[in-house]
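Report on the following structure.
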Amino acid sequence: MSVTNLATVQEFDEFIKSRDLLVIHFYAPWADQCGQMNELLEDLAKSHKNGEVQFAKVEAEDLSEVSLKYKITAVPTVILVKNLAQIDRVDGANPSALVDKIKAHLPKGPLVYVTKPEVSLEERLKKLINQAPCMLFMKGNPQNPFCGFSRTIVGLLDSLNADYQSFDILQDQTVREGLKKFSNWPTYPQLYVNGELLGGLDLVKEALESGELEGMLPKKGAN
Numbered sequence: 018m019s020v021t022n023l024a025t026v027q028e029f030d031e032f033i034k035s036r037d038l039l040v041i042h043f044y045a046p047w048a049d050q051c052g053q054m055n056e057l058l059e060d061l062a063k064s065h066k067n068g069e070v071q072f073a074k075v076e077a078e079d080l081s082e083v084s085l086k087y088k089i090t091a092v093p094t095v096i097l098v099k100n101l102a103q104i105d106r107v108d109g110a111n112p113s114a115l116v117d118k119i120k121a122h123l124p125k126g127p128l129v130y131v132t133k134p135e136v137s138l139e140e141r142l143k144k145l146i147n148q149a150p151c152m153l154f155m156k157g158n159p160q161n162p163f164c165g166f167s168r169t170i171v172g173l174l175d176s177l178n179a180d181y182q183s184f185d186i187l188q189d190q191t192v193r194e195g196l197k198k199f200s201n202w203p204t205y206p207q208l209y210v211n212g213e214l215l216g217g218l219d220l221v222k223e224a225l226e227s228g229e230l231e232g233m234l235p236k237k238g239a240n
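Be aware that the sequence shown starts at 18, since it is given in my numbering, and climbs by one per residue.
What follows is the structure, encoded as C-alpha cells:
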C-alpha cells in the first residue's frame, strides 16, 4: 500500500468516502518537517497492508478550500477521518503522537511500525545544521518572517546575496527547544555557516559592521 496523492477536491471527496480509517497529511513542499512526515506515512503504509487504514497527502495551499474546511492553519497537520468525519488530528511534526493516535482508532490489532530506528535528537539537529552551507533557524520563513529579529536577519542576508536555507522553529517544538541546548544559545534567530554557529542577530550585525560577514557567506550563483 502506498500513500495516495490527492490533487483535486474531487479526489479528496472520493477518498474520504472509504469506510477505512483515513490518515491525511496536509503539507507544503518547502517545509522540511513535512518531508519527514511524508516519509513516516510511506513507512506506515508499507507496514500496514490489511486495508483497515489508508494514507494520503494533500498540498495544503493547492486545496485551500479543503484546508479551510478542516481548519488547517499550519503545516504539517495530519487529520484522521472515519465515516466522513474528522475524529482526531496531529498538529506539527510529531511522529510518535501520530502512531499512537492511529493505534487508538484502529478497530482491532496493533499498528506494526517496522522501520529504521528513530534518529536521536542530537543526530537530527546535526543533520539540520549541516543541511546547507548556510542555515538560518528562524521564526517563520524568509518570505514571511514571524518576528522583527527574523525579518532583520533575512534582510541582511538578502542584501549580501547570501545563498542560505532556513528552518521554521515555530513548526517543530522539539527542534526549537533542543537546538537552544545543543548550541547553548537561548534565542532565535540562529545562523550557522559550515555547521558552526555564527550567532544571533547581534553577532551577525557585528560581523557585518566589521566586514567579516560577507566573506563568510556562500553567495547565490557562485560556483
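Cβ atoms here follow ideal geometry from the backbone N, Cα and C, with glycine treated the same way.
Only a predicted model underlies this, so the values are computations on that prediction, with no experimental measurement involved.
Quiz item: What does a CB cutoff of less than 7 Å around Gly216 pick up in its chain, not counting 5 residues either side in sequence?
Solution: Around Gly216, the same chain offers Leu208 as residues with beta carbons nearer than 7 Å, after the five sequence neighbours per side are excluded.
Quiz item: To which residues does DSSP link Ile41 through a beta bridge?
Solution: Ala73 and Ile96
Quiz item: Is Ile89 helix, strand or coil by DSSP?
Solution: coil
Quiz item: Is it buried or exposed for Leu101, if we count other Cβ within 10 angstroms and need 16 for buried?
Solution: Exposed, since its Cβ has fewer than 16 Cβ neighbours within 10 Å.
Quiz prompt | Nearest-angstrom beta carbon gap, Lys156 and Tyr205 [assumed within contact, 8 Å] | solution = 6 Å
Quiz item: According to DSSP, which residues form a beta bridge with Asp108?
Solution: Thr94
Self-check item: Cutoff 6 Å; reference Ala114; Cβ partners in own chain excluding five residues on either side
Solution: Val107
Quiz item: Run through DSSP, which three-state label would Asp185 get?
Solution: strand
Practice problem: Rounded to whole angstroms, what's the CA-CA distance from Arg141 to Ile186? Just pull it up for me. | Solution: 14 Å
Self-check item: Own chain residues within Cβ distance below 7 Å of Phe154, not counting five before or after
Solution: Phe184, Ile186, Leu196, Tyr205, Pro206 and Gln207
Practice problem: Leaving out five residues on either side along the sequence, give the residues of the same chain with a beta carbon under 8 Å from the beta carbon of Met54. | Solution: His42, Tyr44, Pro93, Val95, Ala110, Pro112 and Leu115
Quiz item: Do Val75 and Leu23 have their CB atoms nearer than 8 Å?
Solution: yes
Practice problem: With DSSP as the reference, label Lys156 as helix, strand or coil. | Solution: coil
Quiz prompt | Nearest neighbour of His122, chosen from Ser137, Arg36 and Ser176 [CA to CA] | solution = Comparing alpha carbon positions, the residue from Ser137, Arg36 and Ser176 closest to His122 is Arg36.
Practice problem: Return helix, strand or coil for Lys143, following the three-state DSSP convention. | Solution: In the structure shown, Lys143 adopts helical secondary structure according to DSSP, grouped into three states.
Quiz item: In the region 153 to 237, which residue ranges form an unbroken beta strand (DSSP E) of at least 3 residues, counting only runs that do not cross its ends?
Solution: 182 to 185, 207 to 210 and 213 to 216
Self-check item: Nearest residue (CA-CA) to Arg193, options Leu138, Gly212 and Pro235
Solution: Nearest option by C-alpha distance: Leu138.
Quiz prompt | Three-state secondary structure (DSSP) of Tyr130 | solution = Annotation note: pLDDT 49 at Tyr130 (below 50); position unreliable, coordinate value reported separately. Tyr130 falls in the coil class under three-state DSSP.
Self-check item: Assigned secondary structure, Gln103 (DSSP; H/G/I helix, E/B strand, else coil)
Solution: strand
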